[in-house]
Each structure stands twice: as structure tokens, then as C-alpha cells.
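In the UniProt record's numbering, the protein residues as written are 1 to 137.
Below is one structure, written out as C-alpha cells, with a few remarks after it.
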Amino acid sequence: FSSLYLKSSTFTSPNYPSPYSNDVTCKYTFVGSVKERVQITFNDFHLAHPTLKDDQQSKGTQSDYVEFSNFNVQVADRKMGRLCDVKDGLSRYVHSDGDFFRVTFKSNYIYDGTGFKALYQFKKSDGRLHIHVYKML
């Protein structure tokens with residue numbers, strides 16, 4: 001997604017609002033103009049995650065997740081956590097430190113859910129580095 005075309009819109013996990021497939025990796029790349037940051041607000045978020053009983057039966061199975069990175073290379077951004085669950089009625093947002101942001105959705109090979117719907121917005125920045133992971137609204 002580029003701020004040259006749209007300053008804000010929505011994006012979803014594959015097949016949303018129907019269940020997404022197992023063993024899927026989907027990368028969403030956001031590129032803003034100089035002195036813009038990307039803000040992602042999750043309006044609906046239902047990823048599958050194993051219960052303790054399920055997890056004990058399927059050792060080594062990870063929850064499905066959404067991951068964030070400020071880097072344009074395939075490395076994890078250690079200060080940005082993974083998002084696996086959002087409580088009903090709460091909205092979460094995260095934003096980039098600069099004009100680039102990558103969101104990665106990953107599902108495991110066992111569980112599935114309905115996924116997510118999110119709003120992205122390119123917002124003017126003062127050019128200073130801002131460190132922000134998650135904030136509850």
C-alpha cells in the first residue's frame with residue numbers, strides 16, 4: 001500500500017470474514033512519503049489460538065499471529081511484539097517509527113479463525129523517532 005494512492009483504507013486477512021486457510025503467510029507492506037508514519041487500527045480480530053488442552057495434545061503448535069516490522073528486510077523487529085488475541089470490545093492500534101511498515105499474518109497448520117479487518121492510515125510525522133508498540137483505546 002502506498003500513500004501516493006490512498007491515505008487510508010481497510011485491509012483484511014485472507015477470506016475475511018470467512019475463516020482463513022491453514023498454514024498461510026501473508027505480508028502487507030505500507031510505504032509512506034517522507035515524514036509520514038503508518039497507523040494500523042484493528043477493528044475486528046479473531047485469530048485461532050490453542051487452548052491448554054489442545055496445546056498439550058499438539059506439542060509445538062503455535063498460535064496464529066500478526067507481526068510488525070519497521071524494516072524493509074526480512075528480519076523481526078524485536079521491539080514490536082506479536083499480536084495473537086484482542087479482547088472483545090477493545091480496539092488496538094500500532095504505528096510505525098517511520099515511513100515504512102510491514103505487517104505479517106501467519107496461520108499454523110491446525111487451527112483457523114475468521115481473521116482480522118484493519119484500517120491503515122498514513123499520518124504526518126514530526127520526523128522524530130517515536131517508539132510505540134501497542135496502546136489500548
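Each residue gets a CB set at the ideal place from its N, CA and C atoms; glycine is no exception.
Here the structure is a predicted model, which is why all the values come from computation and not from measurement.
Asked	Found
Apart from the five residues on each side of it in sequence, which residues of its chain come closer than 7 Å, Cβ to Cβ, to valine 103?	Tyr28, Ile40, Val66, Phe68
Which same chain residues end up closer than 6 Å to glycine 113 when comparing Cβ atoms and leaving out the 5 residues on each side of it in sequence?	His46, Leu47, Ala48
Tell me where the beta strand (DSSP E) around alanine 118 begins and ends.	115 to 124
Should aspartate 64 be labelled buried (16 or more other beta-carbon atoms within 10 Å of its own) or exposed?	buried
By the three-class DSSP mapping on this structure, what secondary structure does asparagine 108 have?	coil
Taking Cβ positions only, does serine 21 come closer than 8 Å to chain B?	Although the question refers to chain B, the structure presented lacks it and comprises just one protein chain.
Rounded to a whole number of angstroms, what is the C-alpha to C-alpha distance between arginine 82 and tyrosine 20?	18 Å
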